[in-house]
Amino acid sequence: MLKEDRVKPENYIYNLLIAATANVGYTKKAFQLFNQMKKRGLKVTGATYTSLFNACAKSPWKSDGLTRATHIRDLINQNAYVLNQSNYHAMIKGYKISIHFQ
231 MLKEDRVKPE NYIYNLLIAA TANVGYTKKA FQLFNQMKKR GLKVTGATYT SLFNACAKSP
291 WKSDGLTRAT HIRDLINQNA YVLNQSNYHA MIKGYKISIH FQ
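Position 72, counted from 1, in the sequence shown is what the working numbering calls 302; the numbers after and before it change by one each time, with no gaps.
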């Protein structure tokens, strides 16, 4: 359908896919989708960051989750994005779980 109708997915669709992969612990896939989203020039929203931090929290490899959470936090600082309550909650959860199991 994408090729036939030449419809490009919007950030809403990417956010849904990132959230779905994050909820089942597919951290690598969530970050691949995030990178595709950025390459397409789509706007990264608070929901995107929340889902990525949730992916870090549910990652089966806790050291990888911690590394990725730190990377996302650095991106947020570089872009001067102001975090909301949901973002902070997910970030704390990601760090807490990743550090607790090391």
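A virtual CB, placed ideally from N, CA and C, is assigned to each residue, including glycine.
What separation, rounded to the nearest whole angstrom, lies between the Cα atoms of residue 323 and residue 237? 36 angstroms
Member of 240, 297 and 273 whose CA lies at the smallest distance from the CA of residue 258: 297
Taking residue 303 as the reference, give the member of 278, 245 and 246 with the closest Cα. 278
Below 8 angstroms on the Cβ atoms is my guess for residue 281 versus residue 248; work out the distance and round it to an integer in Å. 4 angstroms
Assigned secondary structure, residue 298 (DSSP; H/G/I helix, E/B strand, else coil): helix
Among 240, 239 and 294, which residue has its Cα nearest to the Cα of residue 261? 294
Measuring CA to CA, which of 301, 286 and 306 is closest to residue 254? 286
Return yes when the Cβ of residue 264 is within less than 8 angstroms of the Cβ of residue 321, no when it is not. no
Applying the 10 Å Cβ sphere with the 16-neighbour rule, what's the burial state of residue 310? exposed
Tell me which residues share the same chain as residue 288 and place their Cβ nearer than 6 angstroms to its Cβ, disregarding the 5 neighbours each side in the sequence. 255
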